[in-house]
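Residue numbers (my numbering): 2 to 344.
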């Protein structure tokens, strides 16, 4: 069974907004599906001292460094950084960089960044130097909220003295640029309630914009896919399947090509089931010869306090083995321990 069918035919269930909340004091509150939670009895001073000892020991204690940082949430890590600097007069990141190596260094430094700083770093790395990593641009912009994207833009400007919008315009082109800028600047509807009539209308418009004419009307796809909420789009995709012989991703595959095709298909997948989207990416990162460690680190760190529990569940459903098993097979050492602790 193809991955498209797995996304849209039962193995990977559709989102249910009712499952996403719990009632706390009579008020709905989003359920927590992260794998990293606040460490109980947290003591930033104690952790900072332990890290300093691990860094200064004759043989750097990588096990201790990884264990502490993987078991604290991001807010706690930021407190450790502040206490470390005030206690020892040194920047924790600068102290760790010379003593860690390779992928362990990469994942530890990623854990020490606040989420918006990490996302800004990912976007800068994706657009710097020769070539552009289009997949990373789409992944970040399609899966962060409007408020998160505004914070990313602010941090990007502070860190790199450039506007993110201008960098995207410089490094990409055509319809792909239009789609990225729409994700960057459009406030997507956050309402979990579904407008059934709008879903039917949008499905018809998408059909006519793609299969119903000789050449796909890309701007119509971009407009609908970047402004509707995830639950609204999910219902639209169901109506689309009722009037078309193929699923929307398959139609996009047939009608479009290049970066814009991949971009719009990824937006569809994210709207339908974000954890499954990330599960597929993790599987590709470890499939065949070689491992994309940048992908493993990027996803496990960025989703560890968002929905990594769900990603782990979808991974098993899609590939009939666990994410833990594949990480054990594809990585090693202290780096492996940190990844396993995160997921």
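Glycine included, each C-beta is placed from N, C-alpha and C at the ideal position.
A quick note: this is a predicted structure, and the numbers were derived from the prediction, not measured.
Hey, residue i and residue j are a contact pair by Cβ (cut 8 Å); roughly how many whole angstroms apart?
i           : j           : result
residue 111 : residue 302 : 5 Å
residue 49  : residue 85  : 4 Å
residue 193 : residue 235 : That pair is no contact at about 11 Å.
residue 304 : residue 320 : Going by Cβ atoms, the distance from residue 304 to residue 320 rounds to 17 Å, so no, they are not a contact pair.
residue 139 : residue 264 : 5 Å
residue 342 : residue 82  : At roughly 19 Å, the Cβ-Cβ gap does not stay under 8 Å, so residue 342 and residue 82 are not in contact.
For residue i versus residue j, is the C-beta distance shorter than 8 Å?
i           : j           : result
residue 233 : residue 207 : no
residue 205 : residue 153 : no
residue 203 : residue 225 : yes
residue 183 : residue 237 : no
residue 133 : residue 172 : yes
residue 74  : residue 41  : no
residue 125 : residue 147 : no
residue 70  : residue 335 : no
residue 308 : residue 275 : yes
residue 223 : residue 178 : no
residue 46  : residue 96  : no
residue 282 : residue 300 : yes
residue 315 : residue 277 : yes
Just the Cα atoms here: how many angstroms apart are residue i and residue j?
i           : j           : result
residue 25  : residue 123 : Residue placement at residue 25 cannot be trusted, given a pLDDT of 49 that sits under 50; the coordinates are not used to answer.
residue 253 : residue 266 : 7 Å
residue 142 : residue 131 : 21 Å
residue 90  : residue 256 : 59 Å
residue 51  : residue 36  : 24 Å
residue 186 : residue 60  : 48 Å
residue 258 : residue 339 : 38 Å
residue 330 : residue 298 : 16 Å
residue 284 : residue 108 : 18 Å
residue 326 : residue 64  : 21 Å
residue 78  : residue 113 : 6 Å
residue 220 : residue 260 : 14 Å
residue 155 : residue 191 : 22 Å
residue 94  : residue 210 : 50 Å
residue 248 : residue 291 : 32 Å
residue 56  : residue 102 : 13 Å
residue 62  : residue 149 : 35 Å
residue 34  : residue 167 : 34 Å
residue 158 : residue 92  : 22 Å
residue 239 : residue 310 : 26 Å
residue 120 : residue 196 : 32 Å
residue 218 : residue 250 : 15 Å
residue 317 : residue 323 : 5 Å
residue 99  : residue 333 : 21 Å
residue 271 : residue 174 : 23 Å
residue 151 : residue 137 : 17 Å
residue 328 : residue 287 : 8 Å
residue 67  : residue 295 : 17 Å
residue 176 : residue 135 : 13 Å
residue 189 : residue 43  : 37 Å
residue 58  : residue 181 : 47 Å
residue 273 : residue 76  : 30 Å
residue 32  : residue 129 : 37 Å
residue 312 : residue 115 : 21 Å
Could you have a look at residue i and say whether DSSP puts it in helix, strand or coil?
i           : result
residue 72  : coil
residue 129 : coil
residue 276 : helix
residue 1   : Any answer about residue 1 is impossible in this case: the structure gives the chain only from 2 up to 344.
residue 321 : coil
residue 46  : helix
residue 287 : helix
residue 40  : coil
residue 232 : helix
residue 255 : helix
residue 296 : helix
residue 107 : helix
residue 25  : Here the model assigns residue 25 a pLDDT of 49, short of 50, so the residue's position is not dependable, and the following value carries that caveat. If DSSP states are grouped into helix, strand and coil, residue 25 belongs with the strands.
residue 271 : helix
residue 301 : helix
residue 245 : coil
residue 191 : coil
residue 344 : coil
residue 113 : coil
residue 96  : helix
residue 87  : helix
residue 58  : coil
residue 220 : helix
residue 52  : helix
CB of residue i to nearest heavy atom of the ligand SAH: below 7 Å?
i           : result
residue 339 : The ligand SAH is absent from the structure shown, which contains no ligands of any kind.
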